[in-house]
Amino acid sequence: MTIKIGLIGCGGHGRQRLSKILNNFSDLVSLVACADTDIVAAQATASEHGYLKAYVNYKDMLEKEDLDAAVIALPHDLLKSASISALHAGLDVFVEKPAGVDSGEILEIIDVENEVNKSVMVGYCMRYNPARKKLKELLDLKSVGEIIQIHGHKSGSQLGTWNAHMKHGGGQLRWHGVHIVDQILWVMGNNLPVNVYCETRWDKVLGSDQDSAFSIVFDNGISASLTVSSRTKQNFDVLEVYGTNGRIRSEWPSEILEIQGNGLPDYHNLTRITPDSPDYMEMYTIQMKAWIDSMLEGTKAPIGTVDALKVYKIIDAAYKSADLGKSINITGLS
Ligand SMILES: NC(=O)c1ccc[n+]([C@@H]2O[C@H](COP(=O)([O-])OP(=O)(O)OC[C@H]3O[C@@H](n4cnc5c(N)ncnc54)[C@H](O)[C@@H]3O)[C@@H](O)[C@H]2O)c1
1 MTIKIGLIGC GGHGRQRLSK ILNNFSDLVS LVACADTDIV AAQATASEHG
51 YLKAYVNYKD MLEKEDLDAA VIALPHDLLK SASISALHAG LDVFVEKPAG
101 VDSGEILEII DVENEVNKSV MVGYCMRYNP ARKKLKELLD LKSVGEIIQI
151 HGHKSGSQLG TWNAHMKHGG GQLRWHGVHI VDQILWVMGN NLPVNVYCET
201 RWDKVLGSDQ DSAFSIVFDN GISASLTVSS RTKQNFDVLE VYGTNGRIRS
251 EWPSEILEIQ GNGLPDYHNL TRITPDSPDY MEMYTIQMKA WIDSMLEGTK
301 APIGTVDALK VYKIIDAAYK SADLGKSINI TGLS
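For what it's worth, the numbering used here labels the leading residue of the sequence shown as 1, then goes sequentially.
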């Protein structure tokens with residue numbers, strides 16, 4: 001028996017990336033239907049990837065098709081309503097990051113998720129990047145001792161479509177910033193963020209945030225600093241952790257991992273691990289397999305709405321801090 005999937009949003013990510021991966025898992029999933037307000041995109045996605053039917057209205061798809069799960073890749077201001085519609089239709093959901101436009105929207109999804117007892121996975125794919133997984137593994141083995149400080153950087157080229165407009169939930173913090181915040185929270189485990197201070201350079205034409213530098217302080221006193229930019233032209237995602245015994249750094253897309261730490265004998269000297277031919281896109285395949293496995297096993301999605309809520313508490317506070325020019329306390333997490 002395969003999981004019957006409907007795709008909502010046949011744009012860059014839904015059509016070219018996620019559908020291609022799902023199609024490779026044809027022993028585990030059936031691609032039943034896809035939907036996009038641009039019917040040409042929906043029909044092209046169906047014919048390229050083998051969805052049996054294309055819809056212009058995803059609500060019609062949810063009503064008419066016999067589905068087990070929905071994959072949602074829409075502009076940010078539409079992610080929440082589509083997730084809630086799919087949950088109400090009785091489906092498990094994979095929704096792309098950041099799952100909404102603010103923490104209030106994530107709370108709305110959580111309410112419905114609990115009510116219908118279905119599971120929502122949120123697409124924080126970088127946790128499945130092989131070099132990043134190795135970094136986490138080495139941190140858990142105390143290769144660099146106890147964590148003292150973290151630095152994260154995420155950047156790419158200028159946002160140019162709906163994602164550049166605040167009214168669609170755009171802006172660089174929501175597009176790229178959420179990824180690096182999620183990874184910092186992942187590394188910090190059960191520690192909760194308590195304070196955020198952020199300064200932002202705004203795009204004067206588009207009105208959205210372009211470059212930001214901010215800090216997060218956690219309840220155990222550890223601090224993280226982050227920089228996010230729209231002006232590097234190429235995409236970068238870097239995470240560097242300093243500990244009581246050394247430091248470790250992982251770069252994407254180069255997949256280079258550097259470590260020097262006294263916690264494990266192999267890494268007393270600076271060690272640079274460079275893959276022969278890095279597949280910097282492999283994380284998406286690992287991510288979708290993890291989601292499929294969670295549905296087959298009937299377990300909660302490995303990265304869920306509570307993770308997305310924590311990320312958004314920080315992003316909301318970063319926007320507020322940039323606006324008010326002061327640090328913001330995080331409330332509502334425990
Ligand atoms: N995890 C990652 O690395 C990654 C990378 C890129 C994008 N994303 C995420 O994927 C999501 C989509 O981004 P994208 O780059 O594919 O955007 P996109 O603009 O390329 O695609 C969005 C699609 O949604 C369609 N759409 C708009 N309104 C609709 C509606 N009411 N019903 C159905 N379809 C509608 C558009 O026609 C378009 O085809 C976002 O959440 C984004 O953050 C994630």
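The C-beta atom is built at its ideal place from N, Cα and C for all residues, glycine as well.
The closest heavy atom of ligand 1 lies 7 Å or more from the beta carbon of E48. In terms of side-chain proximity, the C-beta atom of A290 is found no nearer than 7 Å to any non-hydrogen atom of ligand 1. G100 is classed as buried because its beta carbon has at least 16 other beta carbons within 10 Å across all chains shown.
The nearest non-hydrogen atom of ligand 1 is 7 Å or more from the C-beta of T305.
Taken from the Cβ of T37, at least one heavy atom of ligand 1 lies inside 7 Å. Here I315 is not near I330, since their CB atoms are 8 Å or more apart.
For W186, the enclosing alpha helix (DSSP H) has its first and last residue at V178 to M188. Contact check for E240 against R247 passes: the beta carbons are separated by less than 8 Å.
Contiguous beta strand (DSSP E) elements confined to the stretch 274-305 do not occur, taking only those with 3 or more residues. Counting along the chain, I72 sits inside no alpha helix (DSSP H); it lies in the beta strand (DSSP E) bounded by residues A69 to I72. For E65 and S155, the gap between their C-alpha atoms comes out near 39 Å.
For E115, the closest C-alpha among the options S294, S85, I8 and C34 is that of S85.
In the DSSP assignment, the residues bridged to V122 are V95. Here the distance from the Cβ of H88 to the nearest heavy atom of ligand 1 is not below 7 Å.
The three-state reading of DSSP puts G261 in strand, counting E and B together. DSSP, reduced to helix, strand and coil, places H165 outside both helices and strands of the structure shown, so it counts as coil. Short of 6 Å from the beta carbon of R132, and not among the five residues preceding or following it, lie these beta carbons of its own chain, in chain order: M126 and S250. Under the three-state reduction of DSSP, Y128 is assigned to helix. Distance from the C-beta of W162 to the nearest heavy atom of ligand 1 is below 7 Å. For A35, the closest of F25, Q172 and E63 by C-alpha to C-alpha distance is E63.
Distances from the CB of L67 to the heavy atoms of ligand 1 are all 7 Å or more. S30: member of the beta strand (DSSP E) spanning V29 to A35, first to last residue. Annotation for N23: the continuous alpha helix (DSSP H) segment containing it runs S19 to N23. Nearest to T45 by C-alpha distance, out of D68, S212 and K20, is K20. Contact annotation: the stretch 180-199 touches the stretch 217-224, with at least three C-beta pairs closer than 8 Å. Taking 8 Å as the cut-off, the beta carbon of T274 is found no closer than this to the beta carbon of I109.
DSSP places H268 outside both helix and strand once states are collapsed to three, so it counts as coil. In this structure, K20 has its CB at a distance of at least 7 Å from all heavy atoms of ligand 1.
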